[in-house]
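Protein chains in written order, with the numbering used here: chain A, 532 to 751; chain B, 532 to 751; chain C, 532 to 751; chain D, 532 to 751. For every residue, glycine included, the Cβ atom is placed at its ideal position computed from N, Cα and C. Report on the structure given below.
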DNA sequence: GATGAATGAGCCTTCATTCAT
DNA sequence: GATGAATGAAGGCTCATTCAT
C-alpha cells in the first residue's frame with residue numbers, strides 16, 4: 532500500500548540505469564498526483580512511494596517544477612504513442628481508424644486511474660500554470676487534427692454530411708467527459724458504460740457504422 | 532458628498548454585514564483559485580484580493596479547509612439555483628425544459644472564467660479530497676436526475692427512442708467537455724462555438740427539435 | 532551564554548515596537564556573525580539568540596539576504612554616526628579633529644568584538660558579494676574624504692609637508708590593521724597597545740602634535 | 532607521437548601524481564574561495580573548476596574541512612617560502628633585508644587576487660573557526676619576529692630610536708591594510724600606489740633609508 | 001584512481017494558525 | 001470586529017558524505 536511501485540523491501544538496486552530510475556520516479560510522481568492531488572504532491576511523498584530518498588529525486592530532476600514538467604511530457608508522450616500505435620495497427624477504412632482511436636483511449640495503459648487522475652489534476656492547474664498548455668498544446672492539436680481528418684474521410688467515403696470539425700470535437704469531448712465523470716461522480720459508472728456512451732455518440736454521428744455496442748458488423 | 536437622506540450607497544462599505552463579508556471573501560477565494568490554482572491559493576492571497584487582513588479570513592471561516600468547503604458549497608448552490616431558476620421560467624414542454632437547462636449552463640453568471648476555472652480546480656482535486664464528492668455529489672445527482680427526466684419526457688412526448696440515461700449523460704458531458712476545452716486548448720474556441728457543439732449533440736439526439744443553432748422553430 | 536541579547540526567560544514581550552524588534556534581531560545577527568562566522572550564520576541561530584522563532588525573523592526582514600543587508604547598513608550607519616558625533620564635539624583645530632577621529636574608532640560602541648568581527652566577516656565576503664561595496668562604499672568614501680580634509684588642514688595650519696591623501700590612508704589602514712590583528716593573532720595585543728600603535732603612526736606624520744601616547748599637550 | 536625516452540611533457544596529463552592532483556585541487560579551492568566567498572565554496576564548485584568529479588575531492592582530502600585546512604596550510608607555506616626566499620637573496624644590511632621583506636609581499640605570486648581574497652576570507656572566519664589561528668599563528672609569529680629582528684637591527688646599525696616591536700607592527704599592518712583596501716574600496720587604488728603607501732610608512736620610520744619610492748640610493 | 005548515484009542533515013522559505021492588542 | 005505580531009510544521013533545495021561500480 533505504501534509502495535505501489537514495487538520497490539524491494541531492502542535497498543533498491545543500484546543497477547537501475549539512469550533512464551529506468553527516471554521512469555521509476557516519474558511513475559511514482561504520477562501515482563502521487565493521482566492519489567494526493569497536485570497541492571499535496573511533495574517530493575518526500577514521491578520519494579517515499581519510490582522507496583528512495585528525496586535527495587535522489589532532485590539529483591535526477593533538479594527541481595520539483597522540472598519533475599512535474601517531465602512527468603507531464605511523459606504522460607503526454609505515452610498518450611500520443613498509444614493512439615498512434617492504434618492507428619498504425621488499424622485498417623485503412625475511416626471507420627476502422629475511428630474505431631481504433633476510440634478504443635485506444637480506453638486501453639488499460641492510458642485509461643488507468645493514475646493516468647486519468649493525473650490528467651485531471653493537470654487540467655485543474657492549466658489556467659494558472661503555463662505548464663500544461665505549453666507542453667501539451669501541440670500534442671493535443673495533432674490529435675484533434677488527426678481525428679478531424681478521419682471524420683472528414685467518413686464524409687468522403689460514406690456520404691455523411693456532419694461537419695468534420697464538430698464531429699471530431701463531439702467524439703473527443705465525449706471521451707474526456709466520461710473520463711471526468713468516472714472521477715467526479717458520487718456513484719460513477721464503469722468503463723464499459725463509459726465506452727457505450729461514446730459509441731452511442733459515434734452512432735448518432737455515423738449511424739450506418741457505429742452503435743452503442745461499437746462498430747457495426749460489415750454485414751450491416 | 533454625503534447623502535443625508537438615504538444611506539450613501541457609493542461609499543465603500545467599511546463594515547459589511549456578516550454575510551456580506553463572507554460572500555466577499557468567498558468571491559475572493561474563487562478568483563484566487565481561478566487565477567492561482569489550488570496549490571497556490573493561500574489565505575494571504577485571498578485576503579489581499581479582498582483588501583482585508585488574513586487574520587479576518589480565519590475569523591470568519593475558522594480554517595482554510597472550511598473556507599474551501601464553503602466556497603465549493605457557494606459555487607454548487609449558485610449553479611443549482613441557476614438551472615432551477617431557468618427551469619422555473621421555462622414552458623412545460625420537455626423540449627422547452629431541455630433548452631432552458633442547456634442555456635442555463637452558458638449564462639454569464641455560471642459560465643464566467645472564475646467559475647469555470649474553479650470547477651476545474653475542484654475536479655482536479657476530487658479524487659484526493661473527499662471534499663468535492665461529499666459536497667457536490669448530491670447536487671450533481673439531482674441535476675442528472677432532472678436532465679434524465681426531461682429526456683424521458685422527450686421520448687414519451689415525441690416518440691424518440693434514445694435511452695434517457697444515456698441521452699442525458701451525453702448532453703451533460705458535452706457541456707462539461709466544452710467547458711474543459713475552453714480552458715485547456717492552446718487555441719480555444721469561443722462560447723458561441725461551444726454552444727453550437729452542444730446543440731449539435733442535442734440535434735443528433737432529437738433531430739426534430741434541435742439543430743446546431745439551437746431549438747428548431749415550432750414551424751418545423 | 533546561549534542568549535547574549537538579554538531575552539527574558541519567559542515569553543518575549545509583545546510590547547516591543549516594530550523598530551525595537553528589528554534592532555533586537557539585528558543585534559542578534561551581529562553577534563551571530565561575530566561568533567559563528569558568515570558561513571554558519573543561520574536564521575535559526577539568529578532567532579535562538581534573540582529568544583524568538585525563526586519565522587519572526589523572516590516576518591520582519593522577508594529574506595535572509597535582506598537581513599544581512601540591513602545589518603550591514605545598521606553597522607555602517609552606527610559607525611558613521613559615531614565618528615560624526617566625535618567630530619561635532621571636537622574643537623576646531625585640525626589636530627583636535629584628527630584626535631577625535633582616531634579616538635572615535637576605539638570607542639566602546641564601535642570597537643567591541645561583535646562589531647569588529649562583523650566588519651571582518653563582511654570584508655571577507657566583499658569580493659564575492661556586491662553587498663558590501665554597494666552598501667558601504669559611499670560611507671567609506673565620505674570617511675576617507677573627511678580624514679583627508681583634516682590632514683590637509685594639518686598641512687595648511689602647521690606647515691607639515693606630507694601629502695594629505697597618503698597621510699589619511701596611513702592613519703586609516705593603521706586603525707583597520709590593528710582591528711584585524713586583534714582578531715587574527717595567536718597572542719593578540721590589547722586595545723591600549725593598538726591605540727599606541729596608531730598614535731605612533733600619527734606621531735611620525737605630525738611629530739609636533741602627536742606621540743605614542745596620543746596628542747601632545749599644548750605645553751609641548 | 533609518444534616519446535619513448537622521456538615522459539611526454541606536452542600531453543595533457545591524464546593521471547597526475549598524487550601531489551600534483553592535490554595541488555590542482557587546492558588551487559581550485561583557492562580560486563573558488565576568492566571568487567565565491569567562504570560561504571558558497573562547495574565541493575562541487577571546487578571540482579568543477581578543477582575539471583574533476585566531486586567524489587575525487589573527498590578521495591584526496593577525506594573531508595571538506597580538511598581540504599580547507601590544507602588549502603590554508605598551502606597558502607601559509609607559500610607565503611612563508613616567498614618571504615624566506617626573498618630574505619635569502621637579500622644582502623646582509625638590515626635596510627636590504629627590510630626592503631626584501633616588503634617587496635616580497637608585493638610579488639606576483641603572493642599578491643595575486645586569488646591569494647589576497649583567500650586570506651581575507653580566512654581572516655573573516657578566523658574568530659569563529661579555530662582553524663586559522665591554529666594553522667597560521669605560528670607562521671605569523673615567525674614572520675613578526677623576523678620583521679622585529681630586522682627593525683631592531685636598523686636601530687643597532689643606524690642609530691634609529693623607534694621601538695622595534697612597534698615599527699615592525701606598523702610596517703606589517705600597513706601592508707595588510709593596503710591589501711584589504713584593494714578589495715574593499717569602491718574605487719580601489721592600484722598596487723603601485725599601495726606600495727608607495729608602505730614605503731612612505733617605512734620612510735617615516737627610517738627617513739635616511741626609505742622614501743615614498745622605496746629604498747634611498749646608497750648615496751644617502 | 002575516478003565517477004556519479006544515493007543518502008540525509010540542515011538550510012531558507014512559505015503558510016496556516018494562534019493570540020495580544 | 002479587525003489587525004498584525006508571533007509560532008512552528010512542512011516543503012523545496014543545497015550539499016557534505018558514503019559507496020557501488
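Closest Cα partner of residue i within the set the options
i	options	result
residue 556 of chain B	B/567, B/744, B/748, B/592	B/592
residue 738 of chain C	C/635, C/553, C/693	C/693
residue 695 of chain D	D/710, D/638, D/675	D/675
residue 552 of chain B	B/584, B/572, B/566, B/685	B/584
residue 640 of chain A	A/617, A/665, A/571	A/617
residue 686 of chain A	A/635, A/554, A/740, A/567	A/740
residue 607 of chain D	D/653, D/689, D/715, D/680	D/653
residue 569 of chain A	A/600, A/622, A/656	A/656
residue 736 of chain B	B/714, B/705, B/710	B/705
residue 565 of chain C	C/603, C/683, C/688	C/603
residue 567 of chain D	D/632, D/708, D/651	D/651
residue 636 of chain A	A/683, A/732, A/710	A/710
residue 733 of chain D	D/596, D/594, D/681	D/681
residue 642 of chain D	D/572, D/597, D/708, D/717	D/708
residue 572 of chain A	A/599, A/554, A/586	A/599
residue 554 of chain D	D/712, D/678, D/605	D/605
residue 632 of chain C	C/666, C/589, C/677	C/677
residue 684 of chain C	C/624, C/589, C/666, C/638	C/624
residue 665 of chain C	D/714, D/691, D/597	D/714
Check your understanding: What residues in the stretch 655-669 of chain D have a beta carbon less than 7 Å from any beta carbon of chain C?
Key -> 655, 656, 657, 658, 659, 660, 663, 664, 668
Review point. If you measure beta-carbon to beta-carbon, which residues of the stretch 559-572 of chain A are closer than 7 Å to chain B?
Key: Within the stretch 559-572 of chain A, the residues whose Cβ lies closer than 7 Å to any Cβ of chain B are, in chain order, 565, 566, 567, 568, 569, 570, 571.
Exercise for review: May I have a chain-ordered list of the alpha helix (DSSP H) segments no shorter than 4 residues that lie completely inside the stretch 662-749 of chain B?
Suggested key: 695-715, 722-736
Review point. Are the stretch 548-565 of chain B and the stretch 616-630 of chain B touching, with three or more C-beta to C-beta distances below 8 Å?
Key: no
**Study point:** Residues within the stretch 715-745 of chain D neighbouring chain C, beta-carbon criterion of under 8 Å
**Key:** Residues 715, 716, 717, 718, 727, 728, 731, 732, 735, 736, 743.
Check your understanding: If you measure beta-carbon to beta-carbon, which residues of the stretch 694-714 of chain B are closer than 7 Å to chain A?
Key -> Residues of the stretch 694-714 of chain B that bring their beta carbon within less than 7 Å of a beta carbon in chain A comprise 697, 700, 701, 704, 705, 707, 708, 709, 711, 712, 714, in sequence order.
Point to revise | Inter-stretch contact at 8 Å, needing at least 3 Cβ pairs: the stretch 713-729 of chain A / the stretch 660-676 of chain A | key: Fewer than three beta-carbon pairs drawn from the stretch 713-729 of chain A and the stretch 660-676 of chain A are found closer than 8 Å, and the two stretches are therefore not classed as touching.
Point to revise | the stretch 724-742 of chain C touching the stretch 699-716 of chain D, judged by at least three CB pairs closer than 8 Å | key: yes
Exercise for review: Pair every Cβ in the stretch 578-588 of chain C with every Cβ in the stretch 738-750 of chain B, then say whether three or more of these pairs are closer than 8 Å.
Suggested key: no
**Study point:** Contiguous alpha helix (DSSP H) assignments of at least 4 residues, all confined to the stretch 591-675 of chain B
**Key:** 595-620, 625-636, 639-642, 644-656
Check your understanding: In the stretch 673-690 of chain D, which residues sit with their C-beta less than 8 Å from some C-beta in chain C, listed in chain order?
Key -> none
Point to revise | Cβ contact (3+ pairs, closer than 8 Å) linking the stretch 638-647 of chain C and the stretch 551-571 of chain C | key: yes
Review point. Taking three-plus beta-carbon pairs below 8 Å as touching, is the stretch 603-612 of chain B in contact with the stretch 664-680 of chain B?
Key: yes
Review point. Of all the residues that make up the stretch 633-654 of chain B, which are near chain A by a beta-carbon distance shorter than 7 Å?
Key: Hits within the stretch, in order: 648, 651, 652, 654.
Practice item. Would you list, in sequence order, the uninterrupted beta strand (DSSP E) runs of no fewer than 3 residues that lie entirely inside the stretch 556-593 of chain B? Key: none
Check your understanding: When Cβ atoms are compared, which residues of the stretch 575-608 of chain D fall closer than 9 Å to chain C?
Key -> none
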